[in-house]
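Trainee:
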Amino acid sequence: MLRGWLPSVDLLIASGDELPLCLPGPAGDPAEDAARLLALGVREVVLTHGADGATAFTGADGPHHQPAVPVRAVDPVGAGDAFVAGYLSALLDGADLAGRLARAATTGAFAAASRGDWEGAPTRAELSLLGAPPGTVVR
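Here the sequence shown stands for residues 0 to 138, where the numbers follow numbering that gives the first Met the number 0.
1) Grouping DSSP H, G and I as helix and E and B as strand, with all else coil, what is A38?
2) Identify the residues that DSSP records as bridge partners of V44: which are they?
3) How many angstroms separate the CA atom of C21 from the CA atom of V41?
4) At a Cβ threshold of 9 Å, is T105 touching chain B?
5) Using the rule of at least 16 other Cβ atoms within 10 Å of the residue's Cβ for burial, across every protein chain shown, is E31 buried or exposed?
6) Using the Cβ count rule (16 or more neighbours within 10 Å means buried), how would you classify A131?
7) So is V44 buried or exposed if we call it buried at 16+ other beta carbons inside 10 Å?
8) In the DSSP assignment, the alpha helix (DSSP H) including R102 goes from what residue to what residue?
9) Taking 9 Å as the threshold (C-beta atoms), are V70 and A108 in contact?
10) Comparing C-alpha positions only, which one of G77, A33 and S127 sits nearest to E17?
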């Protein structure tokens, strides 16, 4: 059902196990699968790799990989949703591809470092806190 909509899709974000659901025919190498989706009209494909980060593919640029932000993982529930929320908020803020991926990785890390699926969601002002050195005072 979803495959008929591919020419109308601006942004597709999927994990490696979700991506084949969008493809006509058998899935293969994730980079090749992303290229197939771009050829079918999808403008941007973001493939998430969990603790290994994410890779974005567009028709104009080569693949752009964003490593995950290292945190002590407490609860992975909600990290994928937080990643997507960060990506979309950066898109709405007009960020470039690297900025969208960086914010997505940061919001995903906040979720993984917190118990619950939404309790660790950062505000825009809190996004830089994961990069703060130990002992940084937050007021």
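In this text, a Cβ means the ideal position worked out from N, Cα and C, and glycines have one as well.
Mentor: Let's see:
1) helix
2) L11 and F56
3) 11 Å
4) In the structure shown, chain B cannot be found, because there is only a single protein chain.
5) exposed
6) exposed
7) buried
8) L96 to A111
9) yes
10) A33
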